[in-house]
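Number of protein chains: 2
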Amino acid sequence: MSTQRFSTKPPSGFRDFIGQQVIERNLLVSRISRVYRSFGFEPIETPALENLEILQGSGGQENEKLIFKTLKRGEKLTDELGKSPADVGALADLGLRFDLTVPLCRVVAQYQNEIKLPWKVFHIAPVWRAERPQKGRYREFFQCDVDIVGSDSIAAELEVIQAVVEAFNQVQVSDLVLHLNHRSLIEKIGDKFGFGQKISEFAILLDKKDKLPFEKLKSELETLLGSRLSSEFESILQGELPFEDLKSFCSSSYQSLSYMMEELEKLNLSLARIVFDPSLVRGMGYYTGSVFELRHPSAGCALGGGGRYDGLIGRFSKSPIPAVGFSIGLERLLLLLQEKQSFSDELSVLFIPVMNEALRGDLFSIAKELRANQIAVDVFPGEAKLKNQLKFATSRAYRWVLLVGEEELQSGEFQLKDFSDGSVTKINRQKLLTHLKRLLLPAK
Amino acid sequence: MSTQRFSTKPPSGFRDFIGQQVIERNLLVSRISRVYRSFGFEPIETPALENLEILQGSGGQENEKLIFKTLKRGEKLTDELGKSPADVGALADLGLRFDLTVPLCRVVAQYQNEIKLPWKVFHIAPVWRAERPQKGRYREFFQCDVDIVGSDSIAAELEVIQAVVEAFNQVQVSDLVLHLNHRSLIEKIGDKFGFGQKISEFAILLDKKDKLPFEKLKSELETLLGSRLSSEFESILQGELPFEDLKSFCSSSYQSLSYMMEELEKLNLSLARIVFDPSLVRGMGYYTGSVFELRHPSAGCALGGGGRYDGLIGRFSKSPIPAVGFSIGLERLLLLLQEKQSFSDELSVLFIPVMNEALRGDLFSIAKELRANQIAVDVFPGEAKLKNQLKFATSRAYRWVLLVGEEELQSGEFQLKDFSDGSVTKINRQKLLTHLKRLLLPAK
Numbered sequence: 040m041s042t043q044r045f046s047t048k049p050p051s052g053f054r055d056f057i058g059q060q061v062i063e064r065n066l067l068v069s070r071i072s073r074v075y076r077s078f079g080f081e082p083i084e085t086p087a088l089e090n091l092e093i094l095q096g097s098g099g100q101e102n103e104k105l106i107f108k109t110l111k112r113g114e115k116l117t118d119e120l121g122k123s124p125a126d127v128g129a130l131a132d133l134g135l136r137f138d139l140t141v142p143l144c145r146v147v148a149q150y151q152n153e154i155k156l157p158w159k160v161f162h163i164a165p166v167w168r169a170e171r172p173q174k175g176r177y178r179e180f181f182q183c184d185v186d187i188v189g190s191d192s193i194a195a196e197l198e199v200i201q202a203v204v205e206a207f208n209q210v211q212v213s214d215l216v217l218h219l220n221h222r223s224l225i226e227k228i229g230d231k232f233g234f235g236q237k238i239s240e241f242a243i244l245l246d247k248k249d250k251l252p253f254e255k256l257k258s259e260l261e262t263l264l265g266s267r268l269s270s271e272f273e274s275i276l277q278g279e280l281p282f283e284d285l286k287s288f289c290s291s292s293y294q295s296l297s298y299m300m301e302e303l304e305k306l307n308l309s310l311a312r313i314v315f316d317p318s319l320v321r322g323m324g325y326y327t328g329s330v331f332e333l334r335h336p337s338a339g340c341a342l343g344g345g346g347r348y349d350g351l352i353g354r355f356s357k358s359p360i361p362a363v364g365f366s367i368g369l370e371r372l373l374l375l376l377q378e379k380q381s382f383s384d385e386l387s388v389l390f391i392p393v394m395n396e397a398l399r400g401d402l403f404s405i406a407k408e409l410r411a412n413q414i415a416v417d418v419f420p421g422e423a424k425l426k427n428q429l430k431f432a433t434s435r436a437y438r439w440v441l442l443v444g445e446e447e448l449q450s451g452e453f454q455l456k457d458f459s460d461g462s463v464t465k466i467n468r469q470k471l472l473t474h475l476k477r478l479l480l481p482a483k
Numbered sequence: 040m041s042t043q044r045f046s047t048k049p050p051s052g053f054r055d056f057i058g059q060q061v062i063e064r065n066l067l068v069s070r071i072s073r074v075y076r077s078f079g080f081e082p083i084e085t086p087a088l089e090n091l092e093i094l095q096g097s098g099g100q101e102n103e104k105l106i107f108k109t110l111k112r113g114e115k116l117t118d119e120l121g122k123s124p125a126d127v128g129a130l131a132d133l134g135l136r137f138d139l140t141v142p143l144c145r146v147v148a149q150y151q152n153e154i155k156l157p158w159k160v161f162h163i164a165p166v167w168r169a170e171r172p173q174k175g176r177y178r179e180f181f182q183c184d185v186d187i188v189g190s191d192s193i194a195a196e197l198e199v200i201q202a203v204v205e206a207f208n209q210v211q212v213s214d215l216v217l218h219l220n221h222r223s224l225i226e227k228i229g230d231k232f233g234f235g236q237k238i239s240e241f242a243i244l245l246d247k248k249d250k251l252p253f254e255k256l257k258s259e260l261e262t263l264l265g266s267r268l269s270s271e272f273e274s275i276l277q278g279e280l281p282f283e284d285l286k287s288f289c290s291s292s293y294q295s296l297s298y299m300m301e302e303l304e305k306l307n308l309s310l311a312r313i314v315f316d317p318s319l320v321r322g323m324g325y326y327t328g329s330v331f332e333l334r335h336p337s338a339g340c341a342l343g344g345g346g347r348y349d350g351l352i353g354r355f356s357k358s359p360i361p362a363v364g365f366s367i368g369l370e371r372l373l374l375l376l377q378e379k380q381s382f383s384d385e386l387s388v389l390f391i392p393v394m395n396e397a398l399r400g401d402l403f404s405i406a407k408e409l410r411a412n413q414i415a416v417d418v419f420p421g422e423a424k425l426k427n428q429l430k431f432a433t434s435r436a437y438r439w440v441l442l443v444g445e446e447e448l449q450s451g452e453f454q455l456k457d458f459s460d461g462s463v464t465k466i467n468r469q470k471l472l473t474h475l476k477r478l479l480l481p482a483k
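Just so you know, the sequences run in chain order A and B.
Here my numbering = 1-based position in the first sequence + 39.
Here my numbering = 1-based position in the second sequence + 39.
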């Protein structure tokens, strides 16, 4: 007899999902995936682990520090440990991906002879980041990425934004606000207000805008700058730069953003608003052009975001290839949906208790026939008193119970109990299938 | 301009999947999942990473040696490396799961107050093993597990076997042979032929039966035993123990296996045969009772296997809880299906080239309306000559192309090109939807 010696919780920052939670997650993934496919995007799937050299120095900025690294194995590990002092960097060779963009770029580089550009591609999968666990922040979470590789046209931005807005639509999320900005503008702002050499630290801080109280952000920026912030800069920080002012401030950004906004307005997407947000950065250092984010009034943070990363593929490939992508955060979307309403994929299951082991074979045959007609059937998988079997049915919230004993098998008259009102109906075996289809299958 | 400095291949033993490969994998997963649900099994999802103490010593035997371990982070890592000599065991705290059974047992222990037994549960997810990469053996692969927790009745075995056979059926795999054995029998055989103290080494070797040539297996067993194998033992090794001989040899195994075989025969599952296989072990040391495997004449190895593991949950929980499970190996099944026939989820996509950027908005509206009616549409996501856009369509094997220029928009007469024969049909905008539905959507 053993006793429990250690925690059976999932590791800190990780989660277990059971039953309905899994069904909802999968339903969401399949709906998003269907929308992406309806735009002609092709799916890819890449390994959870990548060679560390792929993940490191990829422009993932802060996220690169959060890579879960896996130890080398066998002799290679022993060799490294034999060195004194041991080199931390050399102990690990692989790491869990921290996003889906870096693996996509590796895939483009690796298969560029087979892939025809422009390539419309999507990727829905978990990513891992060794963040300090805290409420609502997980170390394993799903991203639903959609990308266009090999097009430097704004048409590509329009396409990924449309696909993502439509995906939200298909799961009944509207009233989204689309925030837009341009990396060149961020650099211009950084330059103008004196962050020149410290532009990437500046961008990293700016990206924490949502997580930090404004005063804290301000003081960190002032520390970085070594002086107080100007009031003009403060109002930009608060998103108060009027879009028209951008024209003189940074004309290239103005041109491309204004074209994008015009075209987006024409599309009549089901968005609450499209706004220019000069303080929007998006964490990844690999963005080079437009950046965007979808926000919802009921969600504290962005539901998705993305941008153009024209330089990243060139890190892996001989020739630079432009690309733009948009990623939906699955957990944030789920959180929003759970607050709004139940989002489910109900399946009515017929329960059949086993009153006598000798009858199990007959019950299995009945179940098999029903399943062949799309009716889900749970035959009690053990030996227990009828009372306990019915308790089992109740604990699973099963509504319909088919009672079939020896007598019923002989007479061909079965009993169907409805747990919702306790009523029992007699049904002839011949009519069973038709009757149950009507009760248990969703109307077409 | 950067140049490629490192390999962009996936890490050794890992794979990338693109387009149709992903679609096939997902289709298979969704079909198997639908069958499991139709039996009343509930899904679970657990983290990729588990605390190492959960994975180690769990009876995973050989597989425990193959755990990908992740390095501790921050100070904890620095502290360990500061110790001299560094303790390999203390450098890592988490590991990627090597199967889905150990995580399930942890989940049962953790949520035992909420879970009502018997619990019918399934889990479809990747697992990772740091095996020496070789043909057909991957370091990341999917398992499709179905388990019944809390029932010690053979009814549970019958239920998981039925569900798995039905899952194979639903993907058009029949002619499977079900191999059955019992752990007690393996122990009795081990005892009888002198492996007494070395029973687990004996079982590990026996499990390699498929991977080793018979003579090699024989010599390794002889080395372990320290003497030559008897001819009786050799015939058992070759699966030649007649089932009736089991009666005197190990009566408890005989009783439970014969009941199981009788009941399985009655179920009339679409199996080619059900055979007693005294040399069947199944690698995991956690099995305690029946063990089984599904084999197919065209596959070199088992397509799935499982057994009863009544002791494993007790490792994590105060009270022991019996359990039985069956796992389908997704990659082996895919390999078999690919050999047999194409297995696909074709989606016809309509291609719309953009002949003039000014028209893109109008084309987007047309695409939006069609997508709202289940027609997948790919509007070319860049700026290119019509000739190159049509090349793009051909490279994607798109059959239908909708040609809409300024003239067509004004007249409302569109052109639909069929790449299969090069024909072009004129269609009025009013009739477009009906026409395309007939051509592109599968008949109901």
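Ideal placement from N, C-alpha and C gives every residue a C-beta, glycine not left out.
These figures come from a predicted structure and were not determined experimentally.
Can you look up residue i in the DSSP assignment and give me helix, strand or coil?
i	result
ASP138 of chain B	coil
PHE180 of chain B	strand
TYR326 of chain A	coil
MET40 of chain A	Unreliable positioning characterises MET40 of chain A in this predicted model, as indicated by a pLDDT of 38, which lies under 50. The coordinate reading is nonetheless provided below. Coil at MET40 of chain A, not helix or strand.
HIS335 of chain B	coil
PHE161 of chain B	strand
GLN151 of chain B	coil
SER450 of chain B	helix
ASP186 of chain A	strand
LYS108 of chain A	strand
ARG171 of chain A	coil
VAL388 of chain B	strand
GLU81 of chain A	strand
ALA362 of chain A	strand
LYS16 of chain A	Outside the modelled stretch of chain A, which goes from 40 to 483, sits residue 16 of chain A, for which no answer is possible.
For the alpha helix (DSSP H) holding residue i, just list the boundary residues, first then last.
i	result
GLU302 of chain B	290-306
LYS255 of chain A	253-264
VAL199 of chain A	193-209
ILE352 of chain A	351-355
ASN395 of chain A	Run containing ASN395 of chain A: none; DSSP gives neither H nor E here.
GLY128 of chain A	127-130
Is residue i close to chain D, meaning its C-beta is less than 8 angstroms from at least one C-beta of that chain?
i	result
ALA169 of chain B	Given the protein chain composition of this structure (A and B), no chain D is represented.
If we cut at 8 angstroms on Cβ distances, does residue i have a partner in chain A?
i	result
PHE403 of chain B	yes
SER274 of chain B	no
GLU259 of chain B	no
LEU94 of chain B	no
ASP417 of chain B	yes
TYR348 of chain B	no
Classify residue i as buried or exposed, calling it buried when 16 or more other Cβ atoms lie within 10 Å of its own Cβ.
i	result
ALA362 of chain B	buried
LYS159 of chain B	buried
PRO336 of chain A	exposed
PRO172 of chain A	exposed
SER274 of chain B	exposed
GLN236 of chain B	exposed
PRO281 of chain B	exposed
Between which two residues does the beta strand (DSSP E) carrying residue i extend?
i	result
ASP417 of chain A	415-418
GLY121 of chain B	First-last for GLY121 of chain B: 113-121, but that is the alpha helix (DSSP H), not the beta strand (DSSP E).
ILE405 of chain B	No beta strand (DSSP E) holds ILE405 of chain B; the alpha helix (DSSP H) holding it covers 399-410.
THR464 of chain A	462-467
LEU215 of chain B	215-221
The ligand FAD and residue i: does any heavy atom of the ligand fall closer than 7 angstroms to the residue's C-beta?
i	result
MET394 of chain B	Because no ligand of any kind appears in the structure shown, any question about the ligand FAD cannot be addressed here.
State yes or no: is the beta carbon of residue i nearer than 8 angstroms to at least one beta carbon in chain B?
i	result
ILE187 of chain A	yes
Residue i bridges to which residues according to DSSP?
i	result
ARG312 of chain B	B:VAL216
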